[in-house]
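Enquirer:
Residue numbers (the numbering used here): 6 to 122.
#1: Which same chain residues, not among the five before or five after residue 101, have their C-beta less than 6 angstroms away from its C-beta?
#2: Check residue 6 in the structure and name its three-state DSSP category.
#3: Could you tell me the distance, in whole angstroms, from the CA atom of residue 97 to the CA atom of residue 79?
#4: Which class does residue 113 belong to by DSSP, given the choice of helix, strand or coil?
#5: Can you tell me whether residue 122 is helix, strand or coil according to DSSP?
#6: Any heavy atom of the ligand COA closer than 7 angstroms to the Cβ of residue 71?
The following block contains the structure:
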């Protein structure tokens, strides 16, 4: 009987040890699952951020293209304005020459008129 009780206690101790190992394994499994979920959340966050940056990059590219078009239009308008300014300058010089010629002609007419008197 003593031998059987000793074997029974030994078996119970082995069972308790196995139960503790099972509990430890379950705790390790739960921790691993938590770690997996944390990594998956981090991965999902990274994917969202990557998509956000991708969209921002596309937006910046579009804005850059738009700004380049605006710059080209501004350069074209500047060139047109510069040509108009040059033409206006030439027209002004021509008008001055015509005014000077008219004044010289009037002066000659006055002198001729005075000479006749």
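Cβ coordinates follow ideal geometry from the N, Cα and C atoms, glycine included.
Expert: Put simply:
#1: none
#2: Three-state result, residue 6: coil.
#3: 26 angstroms
#4: Helix at residue 113.
#5: coil
#6: Among the ligands in the structure shown, none appear at all, so the ligand COA cannot be discussed.
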